[in-house]
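A.B. asks: According to this note's numbering, the sequence shown holds residues 167 to 208 in order.
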Amino acid sequence: MIFYESGHPEQPCHGARYYVLLAALVAAAGLFYLAWSSFHIV
């Protein structure tokens with residue numbers, strides 16, 4: 167993660183943090199769905 171502290175430190179960081187949070191949420195949901203589908207295949 168890159169933080170720019172020259173002009174506005176909160177403006178570029180906010181978008182990056184939002185995308186990281188969204189990616190983590192999607193990854194967690196995908197992992198949970200993968201585990202759920204593998205358990206229900208039996």
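Glycine included, each C-beta is placed from N, C-alpha and C at the ideal position.
Relative to the ligand HEM, is the shortest distance from any of its heavy atoms to the C-beta of Arg183 smaller than 7 Å?
C.D. replies: Because no ligand of any kind appears in the structure shown, any question about the ligand HEM cannot be addressed here.
A.B. asks: Using a Cβ-Cβ cut-off of 6 Å (strictly less than) and excluding sequence neighbours within five positions of Ala189, which residues of its own chain qualify?
C.D. replies: Taken in chain order, the list of residues that qualify is empty.
A.B. asks: What's the gap between the Cα of Tyr184 and the Cα of Val192?
C.D. replies: Each residue's Cα considered, the two are about 12 Å apart.
A.B. asks: Have a look at Ala194 and Ser204 and give me their C-alpha separation to the nearest angstrom.
C.D. replies: So the two alpha carbons sit approximately 15 Å from each other.
A.B. asks: Please report how far the alpha carbon of Val186 lies from the alpha carbon of His206, in whole angstroms.
C.D. replies: Val186 and His206: Cα-Cα distance of roughly 30 Å.
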